[in-house]
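Visitor:
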Amino acid sequence: MSAQVNFGLWYDFRNPAPRRLQFEDFYRASLEQIAWAEQLGFDSVWLTEHHFCDDGYSPSPLVVASAIGARTRTMRIGTNLILLPLYHPVRVAEDAATLSLLSGGRFDLGVGAGYVEAEYRTFGRSLRNRPSLMEESIAIIRRAWSGEPVSFQGKRFQVGNIPVLPAPEQPIRILMGATSPPAVERAARISDGFLSSGGIGQEDFVNALAALDRPGDGGNIFAGCWGIVAEDPEREAEALGPYLLHQMQGYLEMGAFGGGDGAPRFDTPADAVAGGFYQFWTPDQAVEQILSELKAFPQIRDMHFWAQFPGEPIESGSRRIELIARQVLPRVREALQQ
3 MSAQVNFGLW
13 YDFRNPAPRR
23 LQFEDFYRAS
33 LEQIAWAEQL
43 GFDSVWLTEH
53 HFCDDGYSPS
63 PLVVASAIGA
73 RTRTMRIGTN
83 LILLPLYHPV
93 RVAEDAATLS
103 LLSGGRFDLG
113 VGAGYVEAEY
123 RTFGRSLRNR
133 PSLMEESIAI
143 IRRAWSGEPV
153 SFQGKRFQVG
163 NIPVLPAPEQ
173 PIRILMGATS
183 PPAVERAARI
193 SDGFLSSGGI
203 GQEDFVNALA
213 ALDRPGDGGN
223 IFAGCWGIVA
233 EDPEREAEAL
243 GPYLLHQMQG
253 YLEMGAFGGG
263 DGAPRFDTPA
273 DAVAGGFYQF
283 WTPDQAVEQI
293 LSELKAFPQI
303 RDMHFWAQFP
313 GEPIESGSRR
323 IELIARQVLP
333 RVREALQQ
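Under our numbering, the first residue of the sequence shown carries the number 3, and numbering increases by one thereafter.
1. Enumerate in chain order the residues of its own chain whose CB-to-CB distance from Ala337 is below 6 Å, with the five nearest sequence positions on each side excluded.
2. Going along the chain, which unbroken runs of the alpha helix (DSSP H) with 4 or more residues stay wholly within the stretch 10-64?
3. Quick one: what's got a C-beta closer than 7 Å to Ser128's C-beta in the same chain, skipping five residues either side?
4. Which two residues bound the contiguous alpha helix (DSSP H) that contains Ile326?
5. Measure from the alpha carbon of Pro170 to the alpha carbon of each residue in Gly203, Ala98, Met178, then state which is nearest.
6. For Arg1 and Pro266, I'd like the C-alpha separation in whole angstroms.
7. In three-state DSSP terms, what is Gly252?
8. Got a sec? Which residues, its chain only, sit under 6 Å from Pro61 by beta carbon, not counting five neighbours each side?
9. Rounded to the nearest angstrom, what separates Gln249 and Ile164 at their Cα positions?
10. Take Arg191 and list the residues in its own chain whose beta-carbon comes closer than 8 Å to its own, dropping the five residues that flank it on each side.
11. Could you tell me the distance, in whole angstroms, from the CA atom of Ala67 to the CA atom of Thr270?
12. Use the C-beta contact count for Gly319: other C-beta atoms within 10 angstroms, 16 or more gives buried, fewer gives exposed.
13. Go ahead and label Phe268 buried or exposed: buried means 16 or more other beta carbons lie within 10 angstroms of its beta carbon, across all protein chains shown.
14. If we ignore side chains and look at the alpha-carbon of each, how far apart do Cys227 and Ile316 end up?
15. Look up Gly243 in the DSSP assignment and say whether it is helix, strand or coil.
16. Thinking Val113 and Leu83 are a contact (beta carbons under 8 Å), I'd like their distance in whole angstroms, please.
17. Taking the alpha-carbon positions, what's the Gly58 to Met256 distance?
18. Between Gln202 and the rest of its own chain, which residues show a CB-CB distance below 8 Å, the 5 nearest in sequence each way excluded?
19. State the Cα-Cα distance for the pair Ala146 and Tyr89, rounded to the nearest angstrom.
20. Please classify Ala232: is it buried, with 16 or more other beta-carbons within 10 angstroms of its beta-carbon, or exposed?
21. For Leu177 and Ser32, I'd like the C-alpha separation in whole angstroms.
22. What do you get for Pro91, buried or exposed, if any count of 16 or more other CB atoms within 10 angstroms of its CB means buried?
23. Kindly indicate which three-state DSSP category Ile70 falls into: helix, strand or coil?
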């Protein structure tokens, strides 16, 4: 196990009816929660992206990341993840470099291809071009951060000898999320680390690194954890059920599980609790489970937990954050130092 593991929080900023807050108030309270979590000892915060969701699923994570950078001092700020093919890579390179400079080098750029047809269509992209869009975008971004003028001629992008400044003063890691074997292999080949969700793809990533003869180079996993810590897991599962159902249904409607007859169905809160990615742990169980995962995958550099579920009151999420900070993380960190 590595002693150098960060622990963080994961946000999608969904704010659904009927419990919807005014979005100004919701963002303000979330930023206050993040700054407070830094004081409690959390090391990182992670932001994700989707578009055209009626619950306000964050469409602008890089803007939110800048606000977090202004409110925090030590937390690393990352995206898990932005939908890279929807952007021009030069724009992403500029924004990420600026974020890194504003935050003192605390920003990690996590990217993924996405899977929602409406997002691609609206932004003038085609889902079938995802592999080349990802490959070319990352190549351009890396060149842009070199400080030298960028020239690139590809299938999807043409960039003609332009300076992309200011360049970052500290290296920015490009992390990649994936689930399918070809996408996981791409992450192993061209990224600085793998963004996982619920552990999916971690073993494939490690195997892909070995096949590429680079097990010690880039072998970094940044794990989005779906574990929910509570003093009374059964009561917590009942209380959170409606919010978890909303989260799972949202992903189903976007096609996260592939759609069609093979996709799972969640009709009730109990279905979402039983069939979703969630695991409910007491603090003792959380310590055991986290240490077990870190032992199984010593490549894990960061593990982050959902801070708020869609519609969940801010105070409820804050209680869980404090429970993790006070009863789980100190014991895990102590064990890692032994």
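Heads up, the beta-carbon is just placed ideally off N, CA and C, and yes, glycines get one too.
Quantities reported herein were computed from a predicted structural model and do not represent experimental measurements.
Guide: The structure says:
1. One-based indexing of the sequence shown puts residue 337 at position 335. Taken in chain order, the residues that qualify are Leu293.
2. 25-42
3. Here residue 128 corresponds to residue number 126 of the sequence shown, with the count starting at 1. Same-chain partners within the cutoff: Tyr122.
4. Stepping through the sequence shown from its first residue, residue 326 is reached at position 324. Per DSSP, Ile326 belongs to the alpha helix (DSSP H) from 316-329.
5. For the purposes of this step, residue 170 is taken as residue 168 along the sequence shown, with counting starting at 1. Selected option, being the one with the closest Cα: Ala98.
6. With the chain covering 3 to 340 only, the question about residue 1 has no answer from this structure.
7. To locate residue 252, count along the sequence shown from 1; it is residue 250. It is helical.
8. In the sequence shown, residue 61 corresponds to position 59, counting from 1. Excluding residues within five positions, the ones whose Cβ falls inside 6 Å are His53.
9. Numbered from 1 along the sequence shown, position 247 holds the residue referred to as residue 249. Numbered from 1 along the sequence shown, position 162 holds the residue referred to as residue 164. Each residue's alpha carbon lies about 42 Å from the other.
10. Taking the first residue of the sequence shown as position 1, residue 191 is located at position 189. Answer for Arg191: Ala210, Leu214, listed in chain order.
11. Mapped onto the sequence shown, residue 67 falls at position 65. Mapped onto the sequence shown, residue 270 falls at position 268. Going from the Cα of Ala67 to the Cα of Thr270 covers about 34 Å.
12. For the purposes of this step, residue 319 is identified with residue 317 of the sequence shown, where counting begins at 1. Buried.
13. Your numbering for residue 268 matches position 266 in the sequence shown. Buried, by the Cβ-count rule.
14. Position 225 of the sequence shown, counted from the first residue, corresponds to residue 227. Position 314 of the sequence shown, counted from the first residue, corresponds to residue 316. Taking the straight line from one Cα to the other gives about 19 Å.
15. Here the question's residue 243 lines up with position 241 in the sequence shown. In the structure shown, Gly243 sits in a helix (DSSP, three-state: H, G or I).
16. The residue labelled residue 113 in the question sits at position 111 within the sequence shown. The residue labelled residue 83 in the question sits at position 81 within the sequence shown. At roughly 6 Å, the Cβ-Cβ gap stays under 8 Å, so Val113 and Leu83 are in contact.
17. Your numbering for residue 58 matches position 56 in the sequence shown. Your numbering for residue 256 matches position 254 in the sequence shown. Looking at the two C-alpha atoms, the distance is approximately 14 Å.
18. For the purposes of this step, residue 202 is identified with residue 200 of the sequence shown, where counting begins at 1. Correcting the residue identity first, residue 202 is Ile in this sequence and not Gln. Taken in chain order, the residues that qualify are Thr181.
19. Here residue 146 refers to the residue found at position 144 of the sequence shown. Here residue 89 refers to the residue found at position 87 of the sequence shown. Ala146 and Tyr89: Cα-Cα distance of roughly 15 Å.
20. Within the sequence shown, the letter at position 230 stands for residue 232. Buried, by the Cβ-count rule.
21. For the purposes of this step, residue 177 is taken as the residue at position 175 of the sequence shown. For the purposes of this step, residue 32 is taken as the residue at position 30 of the sequence shown. Distance between the alpha carbons of Leu177 and Ser32: 24 Å.
22. Taking the sequence shown and counting its residues from 1, one reaches residue 91 at position 89. It is buried - the Cβ of Pro91 has at least 16 other Cβ atoms within 10 Å.
23. For the purposes of this step, residue 70 is taken as residue 68 along the sequence shown, with counting starting at 1. Here Ile70 sits in helix by DSSP.
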